[in-house]
Amino acid sequence: MSGGIRLGELAERVGGRVVGDPDAVIDGVATLEEAGPDQLSFLSNPRYRDAARRTRAGAILVKPGSGIEGPALLEVDEPYLALAKVLGLFHTDPPAVREVSSMAHVGRDVRLGNEVTVEPFAFIGDGVELGDRVTVGAGSVVGTDCRVGAGSILMPRVVLYPRTEIGRDCILHAGVVVGSDGFGFATSGGRHHKVPQLGKVVIEDDVELGANTTVDRGALGETVIGSGSKLDNLVMIAHGVTIGAGCLMAAQSGIAGSTQVGSNVTFAGQSGAAGHLKIADGTVVAAKTAVFASIDPGAFVAGTPAVDHRTWKRSQVLLKRLPDLRKEILELKRRVEQLEGLAAPEVGSTEEG
Amino acid sequence: MSGGIRLGELAERVGGRVVGDPDAVIDGVATLEEAGPDQLSFLSNPRYRDAARRTRAGAILVKPGSGIEGPALLEVDEPYLALAKVLGLFHTDPPAVREVSSMAHVGRDVRLGNEVTVEPFAFIGDGVELGDRVTVGAGSVVGTDCRVGAGSILMPRVVLYPRTEIGRDCILHAGVVVGSDGFGFATSGGRHHKVPQLGKVVIEDDVELGANTTVDRGALGETVIGSGSKLDNLVMIAHGVTIGAGCLMAAQSGIAGSTQVGSNVTFAGQSGAAGHLKIADGTVVAAKTAVFASIDPGAFVAGTPAVDHRTWKRSQVLLKRLPDLRKEILELKRRVEQLEGLAAPEVGSTEEG
Amino acid sequence: MSGGIRLGELAERVGGRVVGDPDAVIDGVATLEEAGPDQLSFLSNPRYRDAARRTRAGAILVKPGSGIEGPALLEVDEPYLALAKVLGLFHTDPPAVREVSSMAHVGRDVRLGNEVTVEPFAFIGDGVELGDRVTVGAGSVVGTDCRVGAGSILMPRVVLYPRTEIGRDCILHAGVVVGSDGFGFATSGGRHHKVPQLGKVVIEDDVELGANTTVDRGALGETVIGSGSKLDNLVMIAHGVTIGAGCLMAAQSGIAGSTQVGSNVTFAGQSGAAGHLKIADGTVVAAKTAVFASIDPGAFVAGTPAVDHRTWKRSQVLLKRLPDLRKEILELKRRVEQLEGLAAPEVGSTEEG
């Protein structure tokens, strides 16, 4: 958007309040460190209060009562949400060319909605259905009989195995693989016999899958990612897993086979859950945690195996103090021996050495 | 397969015994929760006994002596193995079109077996040899002088670096990379000088590699994955590693450079081993474990660093009880002080505070 | 190179000294176990001393004073660095065909340097700039307005999102994704609203990224990988992260959003750091470690959460001895009770059970 927007108008758009000159014109958004006098910045993480005090930004998106002085403020209850809106105002992508490239492969019985984009070297298998405004990026492969809902975007080099279903308004980043065979083998006499994986994957609406993330289909049942859930890069969802609505899974986390994850569950980076578990709605799993047992509602867990977060923290503190505990025990032993010596010969130590 | 199969006939095919009506006709397989009266289901994990009791399935594959009542039973010693066979009976893929796409690139001096499939946008480098019935999926890249054995399948978007050797009947899932450079640098004066990686990767027969898994080639020697080994998604095999026959490596596990893994070793999810180790035949490595030392035969290890699984479990229990141990020590100290007070002035405490 | 090189000449090339016959002719390099009498091998890791004693190699690259007897020695201060040089002498790749494939897509306003290679099915977006001798592998996607510096190599199936900048002499392995959206959502009322990710990624010179590694761009600022840094396979760099110069990140490690990593930092395999931290120059992070707090210069950390490596090691030793500590406490308690019995009735135990 050229020409800038008055701070007062931005406040109206995001439902906020200006502290400062509402007629100041803002023509872009930048970080606290990089913003100049014509730009808006934001403070949502308290770690950056000092940077907010030093910023050259013309205005800052902050919560009311921030105590920040200097630049103009645009006070809103949810600065990060307001940032999302403001970025949408300033940065509108140029309208994409809507066409099916002649350098793509489009199979038989493919149904295309309106304004579909298929980039070069994309492969659309037989019987595929792509909704309105779907984009299939360069080099992506959409297997036989897949369905992709309206408005969804497959970035370059995504692979959907046959019969995968993607809902509306999803974003699948480059390198994502959906519908690959689950890791199912019947081991007999030391040999691992492949169990045919004939299920499928269903990704509901408004889901985002990060770069190189993989979601397996199961032998029989469905693997499901609930609507509004967001998965980061290099995440692994095994066969038969159900992820509820509104979950967040950070990078390199993974869920093993058949585990049922509730709604609004958070898995932080490099965490994981074993198979065949139930993880209740609203659970928060700390980074690097391994969940080995089902979890009741409202838990915040950490550690390997996962325990209540506070228990884990206390244990970690004491773990660091183990050498001290060891010393205290030795000191007590010395004192008990001294006492025993005074009381001798009535008291005999049973200690071996 | 249309028309269904008599339960008695299924029993013959899988070497089992019918408890119930052998003339009942089964026309498909489904999970315990989803199966209907014309479908077969299975119980191999005891966690699902309750689901087996409630199922509407016409029959269940179970071990003898399951105690399950209600539906007909198809008793077999290895229900999961029988499931693999039954799924093969019911679900036969339509015969693939065997052809080399005109939209693929095929280099010079390429030798193709019978009934080879090369899908659109696949790249077959010079000097490549593909055995009978090999499939190279859309967008896959087979580098110069690679060899792929009969019956092997490269799903879409697999990359084989030059000179990679793949055995017979392997399955490489989408996004797999085999033969990328090992992580080898000679650090001198703070700079990391690349050590040319000139070795190659050899994947033996009947190996499966999960989506987005990577296997590096080494500077000089070979990286080898033994026959019948199965690797899940997002697994990392570093340069110079040898994986024996019949191993299972679950998702997001990794083996560092030059480590030798024996046969029939299991690495559970998100586990790993450091470099230059020997992991003996039959070792089981629990989820999230980090192996930092070589392992003798028959071990089941857990933790970081990996120790015997029982030792790890006991330590974890006591770790949770550390706050209690701490309290016990404080209580003992109090009591010793009281005793010392009675014995005073003969006994003096040396405690600092 | 055919015909071989005299050992004396090799010594000159790598700045070393021959112990043995300088006229022996070497015609290749192999591992200690596989080398024959006409081949050179090397010993840089002391684990392999026994293999060095048994080798059939004609000569070995070693440090002075190795004590190895039998084969000729080529003594150098840095055998691994010398190996890198020697491998470069013996193995020179055939000159690649320098051309832009007619089976590639090249957009508008693309600027190509001299001797650029673009392989089949690669996609070069509008406005892209590729420096001299750049290679874009089969099936790679270079988004709109990307810049790739001279001598850099994109292996097959790399994806660069729009506006990514790659320096000179970089190597991006197959499956790498650079510039994917950061994991940024403003959660409000249980819904995760996407924060547009409008920043970009800057990869400086001489950087190597391993297979299927991903680097996200940020909402506003840049994600930066410093010159000479080397990342292994399946590594995750989140949005807004800065990696300094000369860092090493082993496979499956990851850095969360906005964390600033200094120069010459090492992250071992499967380690990670949380977001918004500062990791000082020269830090070494052990395998499987999770860094949850900023780190001062010179640290070598391990564990979850990361602590000083020695503290971690001591705690792990005591953790294994916890059952013994528990026994010692019980034994002390018994002895204190006995003492209290002698002193009774003056002393009363307050113990509950």
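Residue numbers (the working numbering), protein chains in the order written: chain Y, -10 to 342; chain B, -10 to 342; chain H, -10 to 342.
Think of the CB as a built atom: it goes at the ideal place given N, C-alpha and C, for glycine as much as any other residue.
Spatial neighbours of residue i in its chain, beta-carbon cut-off 6 Å, leaving aside the 5 residues before and after
i: L101(Y); result: L119
i: P53(Y); result: E64
i: G217(Y); result: D195, A234 and G235
i: L237(Y); result: K219 and T255
i: A288(H); result: T272
i: G199(Y); result: H162, L220, D221 and N222
i: A295(B); result: T278 and V280
i: V148(H); result: V130 and V166
i: Q249(B); result: T231 and K267
i: S345(H); result: The question about residue 345(H) has no answer here: the residues shown for chain H are numbered -10 through 342.
i: L32(B); result: A41, I49 and V51
i: A269(H); result: G251, I284, D285 and P286
i: M(-10)(Y); result: Note that M(-10)(Y) scores 42 on pLDDT, short of 50, meaning its location in the model is unreliable; the coordinates nonetheless yield the value given after this. Around M(-10)(Y): F79.
i: A111(B); result: A93, V125 and S129
Residues near residue i in its chain [Cβ-Cβ closer than 7 Å; skip 5 each side]
i: G173(B); result: V184, Q186, A208 and H228
i: S338(B); result: The predicted model places S338(B) with a pLDDT of 44, which falls under 50 and marks its position as unreliable, so this point remains unresolved.
i: G258(H); result: A239, A240, Q241, S242 and A276
i: G5(B); result: L63, E64, V65 and A71
Minimum C-alpha distance to residue i - residue among the options
i: G138(H); options: V131(H), P60(H), V123(H) and G17(H); result: V123(H)
i: L(-1)(B); options: E197(B), K74(B) and N201(B); result: K74(B)
i: G178(H); options: V117(Y), L308(Y), D66(Y) and L(-4)(Y); result: D66(Y)
i: Y37(H); options: P26(H), D27(H), Q28(H) and I49(H); result: I49(H)
i: G126(B); options: D10(B), G156(B), I160(B) and R152(B); result: I160(B)
i: A46(H); options: L21(H), G210(H) and S129(H); result: L21(H)
i: H182(B); options: A61(H), P68(H) and P286(H); result: P68(H)
i: E197(Y); options: I142(Y), V250(Y) and A291(Y); result: I142(Y)
i: V117(Y); options: E104(Y), I155(Y), S252(Y) and V274(Y); result: I155(Y)
i: M92(H); options: F79(H), R2(H), H80(H) and T106(H); result: T106(H)
i: R94(Y); options: G128(B), L78(B) and G77(B); result: Sequence inspection shows His at residue 94(Y); the Arg mentioned does not correspond to that position. Checked all of G128(B), L78(B) and G77(B); the closest Cα to H94(Y) is G128(B).
i: D10(Y); options: R(-5)(Y), G164(Y) and T300(Y); result: R(-5)(Y)
i: P60(B); options: L78(B), S30(B) and G168(B); result: S30(B)
i: M225(B); options: S260(B), G215(B) and E211(B); result: S260(B)
i: G388(Y); options: S247(B), L308(B) and L76(B); result: A question about residue 388(Y) goes unanswered here, because the residues of chain Y that appear run from -10 up to 342.
Residue i classed as buried or exposed, judged by whether at least 16 other C-beta atoms fall within 10 angstroms
i: P145(Y); result: buried
i: A19(B); result: buried
i: E88(H); result: exposed
i: V7(Y); result: buried
i: P109(H); result: buried
i: V51(Y); result: buried
i: N34(Y); result: exposed
i: N201(H); result: buried
i: R152(Y); result: buried
i: V86(Y); result: exposed
i: D12(Y); result: exposed
i: T81(Y); result: exposed
i: R136(H); result: buried
Bridge partner(s) assigned by DSSP for residue i
i: F31(H); result: L50(H)
i: D205(H); result: S169(H)
i: Q249(B); result: T231(B) and K267(B)
i: S177(B); result: R180(B)
i: H80(B); result: The partner list for H80(B) (beta bridge, DSSP) is empty, contrary to what the question assumes.
i: T212(Y); result: V190(Y)
i: K373(Y); result: Because chain Y spans -10 through 342 in this model, residue 373(Y) falls outside it and cannot be assessed.
i: M225(H); result: T203(H) and G243(H)
Residues near residue i in its chain [Cβ-Cβ closer than 8 Å; skip 5 each side]
i: D115(H); result: G96, R97, D98, V99, T133 and D134
i: D158(B); result: G138, A139, G140, S141, D194 and D195
i: D27(Y); result: G(-7), V14, I15, D16, G17 and G47
Item checked: the stretch 205 to 216 of chain Y contacting the stretch 183 to 191 of chain Y, beta-carbon criterion three pairs below 8 Å -> yes
Next item on the list: For the stretch 39 to 49 of chain H and the stretch 93 to 107 of chain H, state whether three or more C-beta atom pairs, one from each stretch, are separated by less than 8 Å.
Entry: no
Check: Would you call the stretch 308 to 320 of chain Y and the stretch 296 to 311 of chain H touching, i.e. three or more CB-CB distances under 8 Å?
Finding: yes
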